[in-house]
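Scroll down for the structure; my scribbles are underneath it.
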Amino acid sequence: MTRETWTAVDVYVSELLAPHDEALAAALESSEEAGLPPIQISPPQGKLLYLLVKLLGAASILEFGTLGGYSTIWLARALPEGGNLITIEADPRNGEVAGRNIARAGLDGVVDLRLGPALDLLPRLAAEGVGPFDLTFIDADKVHSPEYFTWALERSHPGSLIVCDNVVRDGALIDLSNEDPAIQAQRRLHEMIAAEPRVEATTIQTVGVKGHDGFNIARVA
Ligand code: DHB
Ligand code: MG
């Protein structure tokens, strides 16, 4: 199979099973107009996150990496009445676009958008006593995925789920000669999770419009 085929299948699945309504379409359009990089999760991945929230009955969500709010909308829409989602975005320009997209989706009462580098914001969030979170989605700067995972794990409960995007990166995950810190962080993340008795986890490779990558899914025991 080629990337062309993965993409065509993703388009087929998206149209049938993860179609955009106005808010999702507008979120992508405005992100593109504002010049944000088109690196948001794919529609089938968005639908997977939505299904995970529903399967868990998750009422509190933490997201690292808002970008233009596309994944945020998928996640927040699956919340029950009274649910909440905290999303962290380092880039103020992304945050501005995301804020508008979240409001347009009617989710500004549900989503708490925090602007700033996550490593700066986390101590503040801890002081506020946020959490525990039923589900955490980690999709921000890849170098710090292990640190975000550790933080989320400390604010989880038995049954919580932690999902990390971009853990395979075209197979670079297993290329030991790759010195890219973002790739080395994915290996560190896997080794950390393997040694962590508090979670059961797996990595599922993904192919589609975003090429070849993967999600790590960890359940807190
Ligand atoms: C990049 C980031 C992502 O979260 C993603 O899913 C794909 C690519 C990037 O920074 O290149
Ligand atoms: Mg990603």
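Counting from 1, position 51 in the sequence shown corresponds to residue 39 in our numbering; the numbering is continuous, with no gaps. Yeah, the Cβ is synthetic: ideal placement off N, Cα and C, and Gly gets one too. Please read all numbers here as calculations on a predicted model, not as lab measurements.
Does the beta-carbon of residue i have 16 or more other beta-carbons within 10 angstroms, so that it is buried, or is it exposed?
i, result
"Tyr0", "exposed"
"Arg112", "exposed"
"His145", "exposed"
"Lys42", "exposed"
"Arg65", "buried"
"Thr54", "buried"
Grouping DSSP H, G and I as helix and E and B as strand, with all else coil, what is residue i?
i, result
"His145", "coil"
"Thr54", "coil"
"Arg102", "strand"
"Gln193", "strand"
"Glu167", "coil"
"Asn184", "Just to set this straight, residue 184 is Glu in the shown sequence, not Asn. The answer is coil: DSSP assigns Glu184 none of H, G, I, E or B."
Across which residues does DSSP place residue i in a beta bridge pair?
i, result
"Asn204", "Cys152 and Thr191"
"Leu12", "Note: Leu12 sits in no beta bridge, so no partner."
"Phe125", "Glu51 and Val151"
"Asn72", "Ser48"
"Gly199", "Gly196"
"Glu77", "Leu103"
Pop quiz: residue i and residue j are said to be a contact at Cβ under 8 angstroms. What is the actual Cβ separation, rounded to whole angstroms?
i, j, result
"Ser30", "Asp(-2)", "6 angstroms"
"Ala46", "Leu123", "4 angstroms"
"Glu51", "Leu63", "6 angstroms"
Query raised in the report: Below 8 angstroms, can you find three or more Cβ-Cβ pairs linking the region 55 to 62 to the region 79 to 97?
Result: Yes: at least three Cβ pairs fall under 8 angstroms.
Query raised in the report: Are the region 73 to 83 and the region 99 to 114 touching by the rule of at least three beta carbon pairs closer than 8 angstroms?
Result: Here the region 73 to 83 lies against the region 99 to 114, with 3 or more beta-carbon pairs under 8 angstroms apart.
Query raised in the report: Would you call the region 92 to 101 and the region 31 to 44 in contact, with 3 or more CB pairs under 8 angstroms?
Result: Result no; under three Cβ-Cβ pairs closer than 8 angstroms.
Report task. Decide yes or no for the touch test of the region 61 to 77 against the region 145 to 165: beta carbon pairs closer than 8 angstroms, at least 3 of them. Result -> No, because fewer than three Cβ pairs between the region 61 to 77 and the region 145 to 165 fall closer than 8 angstroms, the two stretches do not touch.
Query raised in the report: Would you say the region 189 to 202 touches the region 121 to 134, given that touching needs at least three Cβ pairs under 8 angstroms?
Result: Contact between the region 189 to 202 and the region 121 to 134 is absent, because fewer than three Cβ pairs lie under 8 angstroms.
Query raised in the report: Should the region 154 to 161 be called in touch with the region 109 to 125, which here means at least 3 C-beta pairs below 8 angstroms?
Result: Under the 8 angstroms Cβ criterion, the region 154 to 161 does not count as touching the region 109 to 125, having fewer than three qualifying pairs.
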